[in-house]
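J.: According to this note's numbering, the sequence shown is numbered sequentially starting from 460. Have a look at the structure that comes next, please.
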Amino acid sequence: MLYQGAITYLVDIGIRYSQQEYEKTQLELEHILGEIKNQEDKIQELKYRICEKTKADPSISWEELIENLRQKRLDVQNELREVTASIVAGFSVHKVISKLREEEDAKIQEGLQSEVVLSLLKDITQR
């Protein structure tokens, strides 16, 4: 900078002012600001959706919200484990009952084919 009395002048940096370049830069700035606004809106929407799932107040901080989300994830994992265990247990019980039923059916069939039952049936029906 050159100092001449009370007036301060900048040293010429070798770039000429261009209205066209200024307008182009302004448009780029508006576009970037629009993108920032768009991203901020997406972040806010994400926060509302997380609050909805965790039943949290939208005014809480992100740190609290993330902690609530972690807790919700743990709760859902525990619920999934319980449901899975219940399904596996139900399947196992069904398998055991089916096997017992098959064994019982085989014993009944075997009993019906025994000499004692067949001779009684023959005596009763005369066939």
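Backbone N, C-alpha and C define an ideal beta-carbon position, used for all residues, glycine too.
Spatial neighbours of lysine 496 within its chain, please: C-beta separation below 7 Å, excluding the five flanking residues on both sides.
T.: Here residue 496 refers to the residue found at position 37 of the sequence shown. Closer than 7 Å at the Cβ level, and outside the excluded window around lysine 496, lies no residue.
J.: Going residue by residue through the segment 461-514, where are the continuous beta strand (DSSP E) segments of at least 3 residues, counting only ones entirely within it?
T.: The qualifying runs are 461-463, 466-468.
J.: In whole angstroms, what is the alpha-carbon distance linking valine 542 and glutamine 536?
T.: As a first step, residue 542 must be located in the sequence shown, where it is residue number 83. As a first step, residue 536 must be located in the sequence shown, where it is residue number 77. Roughly 10 Å between the two C-alpha positions.
J.: Could you check what DSSP says for glutamine 536 in three-state terms: helix, strand or coil?
T.: Locating residue 536 in the sequence shown gives position 77, where the first residue counts as 1. If DSSP states are grouped into helix, strand and coil, glutamine 536 belongs with the helices.
J.: Checking 7 Å against the spacing of the C-beta atoms, do isoleucine 509 and leucine 528 come in under that value?
T.: Indexing the sequence shown from 1 puts residue 509 at position 50. Indexing the sequence shown from 1 puts residue 528 at position 69. For isoleucine 509 and leucine 528, yes; Cβs fall inside 7 Å.
J.: Taking the alpha helix (DSSP H) that aspartate 582 belongs to, which residues open and close that run?
T.: One-based indexing of the sequence shown puts residue 582 at position 123. Aspartate 582 -> alpha helix (DSSP H) spans 574-584.
J.: Taking the C-alpha atoms as reference points, what is the distance between lysine 514 and isoleucine 525?
T.: Locating residue 514 in the sequence shown gives position 55, where the first residue counts as 1. Locating residue 525 in the sequence shown gives position 66, where the first residue counts as 1. If I take the Cα positions, the gap works out to 12 Å.
J.: Leaving out five residues before and five after tyrosine 481 in sequence, what residues of the same chain have Cβ atoms less than 8 Å from its Cβ?
T.: Here residue 481 refers to the residue found at position 22 when the sequence shown is read from its first residue. Taken in chain order, the list of residues that qualify is empty.
J.: To the nearest angstrom, report how far apart glutamate 632 and serine 573 are at their CA atoms.
T.: There is simply no residue 632 to check, as the chain begins at 460 and stops at 586 in what is shown.
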